[in-house]
Amino acid sequence: MERGGYFKLEIKYRGFPESSVFMTHWQAMKWHWISRYRSTGFTDEEVQDEIDALKWRLKKNGIEFSDDEFKDYEASERLELGLGSLQLKSEDLIYFD
């Protein structure tokens, strides 16, 4: 019997309005972070983290901006797609029965 296929794993964080979806194939050594969803209800620290991430993306893409453009920024419901991948190494895994 041949094993195979792809698997989707959704993580819903208890106590937080956030979830992430990952996908992997049968061997589960490479995980793709497909999406991250979060609804409103952010702390000031989370809003600042989001502003910093936006500024980094703008700089990375060569888009000029002023810090004043973010003074009235409000976090809102958000869905991010295609966030990257994680490659596991077999020598770092712990096997148990």
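Quick note, the sequence shown lines up with residues 0 to 96 if you use numbering that gives the first Met the number 0.
Just so you know, even glycine gets a beta-carbon here, dropped at the ideal spot from N, CA and C.
Provide the residue span of the beta strand (DSSP E) that contains residue i, from first to last.
| i | result |
| --- | --- |
| L85 | R77 to Q86 |
| R35 | K29 to R37 |
| Y12 | Segment: none, Y12 is in no beta strand (DSSP E) and carries neither H nor E. |
| F21 | E17 to H24 |
May I ask which residues mark the beginning and end of the alpha helix (DSSP H) holding residue i?
| i | result |
| --- | --- |
| L92 | Careful: L92 lies outside any alpha helix (DSSP H) and carries neither H nor E. |
| K113 | Only positions 0 to 96 of the chain appear in the structure, and residue 113 is not among them; the question remains open. |
Under 6 Å Cβ to Cβ from residue i, same chain only, skipping five residues before and after it: list those, please.
| i | result |
| --- | --- |
| L8 | F21 |
| Y36 | S18 and L78 |
Less than 8 Å between the CB atoms is what I'm expecting for residue i and residue j, so what's the real figure, rounded?
| i | j | result |
| --- | --- | --- |
| M28 | S84 | Contact doesn't hold; Cβ gap of about 11 Å is too wide. |
| I33 | L80 | 7 Å |
| W179 | G4 | Outside the shown range of the chain (0 to 96) lies residue 179, about which nothing can therefore be said. |
I'd like the list of long-range same chain contacts for residue i, defined as Cβ closer than 8 Å, with 5 residues on each side in sequence excluded.
| i | result |
| --- | --- |
| F15 | R37 |
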